Amino acid sequence: DLINHIRTTSHGTAYATSMSPPVVEQITSVLHLLLDDNEEHEGHRRISQLAWNTRYFRQRLTKMGFIVYGHPHSPVVPALLYSPSKIAAFNREMLKRGVAVVTVGFPATPLVLGRVRFCLSASHTKEMLDEVLKHAEEVGDLLNMRKSKLNPKRPFHQTEF
């Protein structure tokens, strides 16, 4: 009864499309991986690796002078790009260096708060992260984007948009 009630009265039933079968399969596979009690504890290892990658990448990007937004534990790491003209330039320059990034600008963000989103994964190695950080530093210098004057010893929490 409860399941039928949810199916017929939920917001998603009337105003959204259902999830595609590949998305449902992905979610199911991840849940099985996380809840499985095998000796390797693969799910827990991946979660720990993703948490480490996120901390490492975010800290290095901040030390380089980028203004980093978002939740400190999120594997999607947004960095401020300032000028709308730099959004496409940053994307092109990173792509020239073999790094695909997601850039977001107006109207998805306020006009002068365009950003780049680095999407991290547990399968990224430290060497891969260092390579991306090296390229981000080069492009940041090229486009004059490393402007943060934060003291890394005194971190602060930024407002999330």
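Residue numbers (UniProt numbering): 1 to 161.
A virtual CB, placed ideally from N, CA and C, is assigned to each residue, including glycine.
Everything numeric in this text was worked out from a predicted model, so none of it was measured.
- For the pair of segments examined, the region 73 to 85 was found to touch the region 49 to 61: the number of CB pairs separated by less than 8 Å reaches three.
- By the CB criterion at 7 Å, Leu80 and Arg115 fall inside the cutoff.
- The beta carbon of Val139 lies closer than 7 Å to those of Phe90, Glu93, Met94 in the same chain, with the five residues before and after it left out.
- Excluding five sequence positions before and after Met128, none of the CB atoms of its chain fall closer than 7 Å to its own CB.
- In this structure, DSSP gives Ala16 a state outside helix and strand, which the three-state scheme calls coil.
- Taking 7 Å as the cut-off, the beta carbon of Leu31 is found no closer than this to the beta carbon of Gly43.
- If you check the CB distance, His135 and Val99 come in under 7 Å.
- From the listed residues Gly70, Gln26, Pro22, Ser85, the smallest Cα separation to Gly105 is found for Ser85.
- The secondary-structure analysis by DSSP pairs Gly114 across a beta bridge with Tyr82.
- In this model, Val24 and Tyr82 are separated by some 37 Å (Cα to Cα).
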